Amino acid sequence: MTRRILLSHLSLILLVLLTLEVPFGLFYARSELARFSHAAQQGAMTLAEVCEEKMERGVAGDLPELARAYGRRTGSRVVVTDHRGVVLTDTAALAPVGEDLSTEPDISTALHGHPVVTGRSAPSAGGDLLLTTVPGGSDAVVPCVVRTVYALGPLEAKVHATWLALGFVGVGVLTAVSLIGFALARSITRPVRALELATAQLADGRITDPPATDHGPPELRRLAASFTATATRLQHLLQEQQAFASDVSHQLRTPLTSLRLRLENFEPHLDPCAQDSLDKALGELERLGRMVQGLLALARLENSAIRPEPVDLDAVVADRAAIWTAFAEEQRVDIVVSGATTVRVWAAPGALEQIVDNLLSNALRASPPGTAVTLAVVDAPGQADRAAPEAELHVIDQGPGMTEAERRRAFDRFWRAAGADHDGTGLGLPMVRQLTRASGGEVTLETAPGGGLEAVVRLRRTESHAHRERRGTPTAGCSRAR
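Quick note on the working numbering: the sequence shown kicks off at 1413 and runs consecutively.
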C-alpha cells in the first residue's frame, strides 16, 4: 500500500513537472532563437546602412576591413555584394571577390528590397546556421546587399544547458517529494499494517497486539477503535461458545449414559413382547448420543482456528480401509483401494481420518451385499483453473445413489434422503464438508459411472510432493481388502 500511495503521489508530481517544465523549455528555446534572429537582423541592417554610405562616398575599398571588424565583434561571417549580386568581400573567403551570387534566393530577395532571415543546415560547419540578408537601402535600385552568417551551436548549447538545468530541478523536486511522500505514506499505512496484523491474529483465534488507536489519520483511528471493540467482542463470544460446547459435552454425556443403563436394567423385567420397543429405544438413544457428539464436533470445528499440516493421503486411506474391513465383511461388501502413492496433502490435524470414516460409513450403509466400495487416490497435476496442484480422494459405492436435488441438500445438517438408513444422524456429510474446508479443500457428490454415488474430496498437495512429481517419481498401486 505504501508503494501504491508513493507511486500515485510521484506520478501526479511528475505530471505537474512535465506540464510546467516542457512548455517552459520550448518557450525559452523559441524566444532565444527569436531574440538572436532579431539582434542579427538589426546588426545586419546597421552594417548595410554603413556599407551604403561608404559606396555613395566612393570609398568601397573600406568595406573588407569594415566587414572583418563587424565579424570579429559579432562572431559572424559577413558577405557584401554590389547592386548586381557580385561579391565585394567575404570575411571567410568562401566566396571569391567577383563571384555572382544573384541567383541565390536570399540575395535575390534582398536585391529586390526585402530582408531575409533563414536557417540552413551545414554539417561541414558543425551544425545549423542562421543567415540574415538585408538590402543596403530602400531605393528602387539597391546599391549593396549584406549577408551575415551565424553558427547556432552556442545558442543550441545554451538551450541544452537550460534543458539540463530544468531536468536537474525536476529530479531534485522528485527526490524531495519522494522522501516527503514516503514519510507520509508510512505514517498513513502504519495503522493499516497494524490492522492487518491484528486481523491475521484474530483469524488465528486471539489478538496479542491490538492496533493503536492514537496514530494515523482520524478515520483510521476510528477504524482501529471499532476493530478492537469488535475483535474483543468476537473473542468473548468464541470463548463463551467454546466453554458452552465443553460444558454441554460434559453435562450431556453423563445423563445419556445413565439413561442407557436404566433402560438396559429394565430388560430382565420386561415382557418379551416389549423387547422390541426397548431395543428401538436403545437404538434411538444411541443415535441421540451420536447426534450430540456430532453437533459438539461441528461446534468445535466452527469455533476454533485450525492450521492444516502435511499428511500422507494414501497412508491414511490404506489405514482406514483396514480398520473398516471387519465391518465391511459383516455387510458382505468389498473395500478396494487404488490410485497414486506417496501423495502428501494439506489437512487439518485428524481431519482426514474423520473424512474417510464418515464417507466410508455412508458408503457401506448404502451398498447392497455383494458389491464393492472403491477408495481411489487421484493425483491431479496443476490445472489452469486452479491456483495450486491438487490431489483427489474418490469414495465410490454401488448403492442406489442420489438425484441431483438430493445431492444439493446432502450437506445440510440433519437432512437424510428418503428411504435412507434411519440410524444415521444427518451430520456425517456436513462434518465432512466442514473438515475439508478447514483443510483448505472442497468436497462434492457426483453420480458414479456405473451407478451409485461418488464422493470427491479435493485437497491441496504439499510443495514437497509437487517437487518430487517434477523429478518424475510418482507411482501407483492397488489393493483389495475383504
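Just so you know, even glycine gets a beta-carbon here, dropped at the ideal spot from N, CA and C. Note that this is a predicted model, so its numbers are computed, not measured.
### Task
Look up residue 1469 in the DSSP assignment and say whether it is helix, strand or coil.
In the structure shown, the three-state DSSP call for residue 1469 is coil.
### Task
Count the other C-beta atoms from every protein chain shown that fall within 10 angstroms of the C-beta of residue 1496, then say buried if there are 16 or more, exposed otherwise.
exposed
### Task
Rank 1655, 1694, 1643 by C-alpha distance to the C-alpha of residue 1668 and give the top, closest one.
1694
### Query
Okay, do the segment 1551-1563 and the segment 1480-1495 touch, 3+ Cβ pairs below 8 Å being the bar?
yes
### Task
Thinking residue 1449 and residue 1542 are a contact (beta carbons under 8 Å), I'd like their distance in whole angstroms, please.
6 Å
### Query
Ordered along the chain, which non-local residues of its own chain (more than five positions away) have a Cβ less than 6 Å from that of residue 1368?
This structure gives no information on residue 1368, because the portion of the chain shown stretches from 1413 to 1894.
### Message
Counting beta carbon pairs with one atom in the segment 1566-1584 and one in the segment 1433-1443, are three or more of them shorter than 8 Å?
### Response
yes
### Task
Just mark residue 1432 as buried or exposed, buried being the case when its beta carbon has 16 or more other beta carbons within 10 Å.
exposed
### Proximity below 7 Å, CB of residue 1675 to CB of residue 1723
no
### Task
Please name the residue, chosen from 1678, 1444, 1767, that lies closest to residue 1850 on a Cα-to-Cα basis.
1767
### Query
Is residue 1859 closer than 7 Å to residue 1813 when the C-beta atoms are compared?
Closer than 7 Å, so yes.
### Query
Using 8 Å as the Cβ pair cut-off and three pairs as the minimum, do the segment 1783-1790 and the segment 1814-1827 touch?
no
#### Entry: CB of residue 1595 within 7 Å of CB of residue 1418, strictly
no
### Task
Would you mind stating whether residue 1548 and residue 1464 have Cβ atoms separated by less than 7 Å?
yes
### Query
In terms of alpha-carbon separation, which member of 1600, 1610, 1568 lies closest to residue 1620?
Among 1600, 1610, 1568, the Cα nearest to that of residue 1620 is on 1610.
#### Entry: 7 Å Cβ shell around residue 1739 - same chain, five flanking residues per side excluded
1776
### Task
Buried or exposed for residue 1639, please, with buried defined as at least 16 other CB atoms from any protein chain shown within 10 angstroms of its CB.
Taking all protein chains shown into account, residue 1639 has 16 or more neighbouring C-beta atoms within 10 Å of its C-beta and is therefore buried.
### Query
What distance in whole Å lies between the Cβ atoms of residue 1744 and residue 1873, which are believed to be in contact at a cut-off of 8 Å?
With 8 Å as the limit, residue 1873 and residue 1744 do not qualify as a contact, their Cβ atoms being about 36 Å apart.
### Task
Please confirm whether residue 1759 and residue 1811 have their CB atoms less than 7 Å apart.
No, they are not a contact pair.
### Task
Taking only runs that begin and end inside the segment 1497-1579, name each unbroken beta strand (DSSP E) of 3 or more residues, in chain order.
1499-1502, 1528-1534, 1539-1547, 1556-1563
### Span of the beta strand (DSSP E) around residue 1488
Taken as a continuous stretch (DSSP letters only), residue 1488 belongs to no beta strand (DSSP E), as it is neither H nor E.
### Query
Where do the ends of the alpha helix (DSSP H) carrying residue 1737 lie?
1725-1743
### Message
Can you find the residues in the same chain that come closer than 7 Å, C-beta to C-beta, to residue 1414, ignoring five residues on each side of it along the sequence?
### Response
In the same chain as residue 1414, and ignoring 5 residues on each side of it, the C-beta atoms closer than 7 Å to its own belong to 1597, 1598, 1601, in chain order.
### Query
Where does residue 1688 sit, in a helix, a strand or coil, going by DSSP?
helix
### Query
Based on Cα-Cα distance, which residue from 1746, 1698, 1818, 1562 lies nearest to residue 1486?
1562
### Task
State yes or no: is the C-beta of residue 1784 within less than 7 Å of the C-beta of residue 1748?
yes
### Message
Which residue marks the beginning of the alpha helix (DSSP H) containing residue 1746, and which one marks its end?
### Response
Run containing residue 1746: none in the alpha helix (DSSP H); it sits in the beta strand (DSSP E), 1746-1753.
### CA-to-CA distance, residue 1844 to residue 1856, given in whole angstroms
10 Å
### Option in 1605, 1429, 1421, 1817 with minimal Cα separation from residue 1580
1429
### Task
Kindly identify the DSSP beta-bridge partner or partners of residue 1722.
1758
### Message
For residue 1720 and residue 1631, what's the separation of their Cα atoms in angstroms?
### Response
36 Å
### Message
Excluding the 5 residues flanking residue 1682 on each side, which residues of the same chain have their C-beta closer than 8 Å to its C-beta?
### Response
1690
### Query
Residue range of the alpha helix (DSSP H) that residue 1804 falls in?
Membership of residue 1804 in any alpha helix (DSSP H) is not indicated; the residue belongs instead to the beta strand (DSSP E) covering 1802-1808.
### Task
For the beta strand (DSSP E) containing residue 1784, list its first residue and its last residue.
1784-1792
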